[in-house]
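Undergrad:
Numbering (this note's numbering), first residue to last: -13 to 352.
1) If you reduce the DSSP assignment to three classes, tell me which class residue 192 lands in.
2) If you draw a straight line from the C-alpha of residue 317 to the C-alpha of residue 305, how long is it?
3) When you compare each of 327, 328, 154, 201 to residue 251 by their alpha carbons, which one comes out closest?
4) Could you name the residues of the same chain whose beta carbon sits closer than 8 Å to that of residue 1, not counting the 5 residues immediately before and after it, in chain order?
5) Applying the criterion that 16 or more other CB atoms from any shown protein chain within 10 Å of the CB defines a buried residue, is residue 333 buried or exposed?
6) Between which two residues does the beta strand (DSSP E) holding residue 257 run?
7) Helix, strand or coil, according to DSSP, for residue 144 in the structure here?
8) Between the C-alpha atoms of residue 336 and residue 329, what's the straight-line distance to the nearest angstrom?
9) Going by beta-carbon coordinates alone, are residue 314 and residue 298 separated by less than 7 Å?
10) Count the other C-beta atoms from every protein chain shown that fall within 10 angstroms of the C-beta of residue 29, then say buried if there are 16 or more, exposed otherwise.
11) Return the chain-ordered ranges of every alpha helix (DSSP H) run that is complete within the region -2 to 29 and spans a minimum of 4 residues.
12) Please list the terminal residues of the continuous alpha helix (DSSP H) segment that includes residue 309.
13) In the DSSP assignment, find the alpha helix (DSSP H) that holds residue 88 and state where it starts and stops.
14) Quick check on residue 228: does DSSP put it in helix, strand or coil?
15) Rounded to whole angstroms, what's the CA-CA distance from residue 136 to residue 182? Just pull it up for me.
16) In terms of residues, what are the limits of the alpha helix (DSSP H) holding residue 69?
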């Protein structure tokens, strides 16, 4: 141990933010353990490292007695006064017991402590960096599969893409660069664990923020998102500036902005809807690309009956009900879709039923 160690600790403090005094305390604790392991545990000892020179000394605490019985824990009055002329019987004094070869042990212990503390500091910095990125997107390279999990290299650390967060049918090949959404960062003894997603609606939102300056600047706001990962997504957008078309801003010139998001999601279809405070207008828009004739609102049940042309019925409902399902999730309303002919048939049946009942009632009154 030497002044070079102290200088190295000072450099670590500047570069890594690891407190020099805490490092010295940790080295002293490691040296105490090393001393007891190599030279016995019978003594009550203290390690001291000079904070300027780096010199290491070991001191044993001994009780001053007239007739010492145990030389490891006791010292005679005569010997004690050679160290401290004021030593009296029953006092406790420190006696230096630094072994000749303790310097090598000290250097090794110091190295282990420093390496460990550097690792801990780096883990802390990584944790804090990615903890602040929860709810944001990061870019990484696909490294390997661990069982069904996909491990993604983020540069300073790795992230875990669980099977439930993977887009159905999407392939993750070695060294593929992909963007992922940071769902959660956990602190563990082995360092931070970062869980990411490709299916989270937040991924779509963040991708649009990257591609659309108006969203990043707060002029255009994404009000709602409904998503079936790998298949289709609907987003509802609103403009705080009446001169800015929110849908046009998200689509971009010749569709370049929305296409960039679609490409990152590897072909997932995206419907961009204009949000409205009027439920009927919002629900009508949410069923795009289908054309809607009429929307009847039931405020109490928060449900809506939507009438579409006969030839638009299948488009409004979508394959396996997907379009209607996404629209309901986007708006938060229960949506019942009917064609014109279905509505006409219902009205005729009601009228016919009412007519029969009226005739029956009249017959009873005759």
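Glycine residues also receive a C-beta, built at the ideal position from the N, C-alpha and C atoms.
TA: In short, the structure shows the following:
1) helix
2) 19 Å
3) 154
4) none
5) exposed
6) 255 to 260
7) strand
8) 11 Å
9) no
10) buried
11) 6 to 25
12) 308 to 317
13) 88 to 117
14) coil
15) 10 Å
16) 63 to 69
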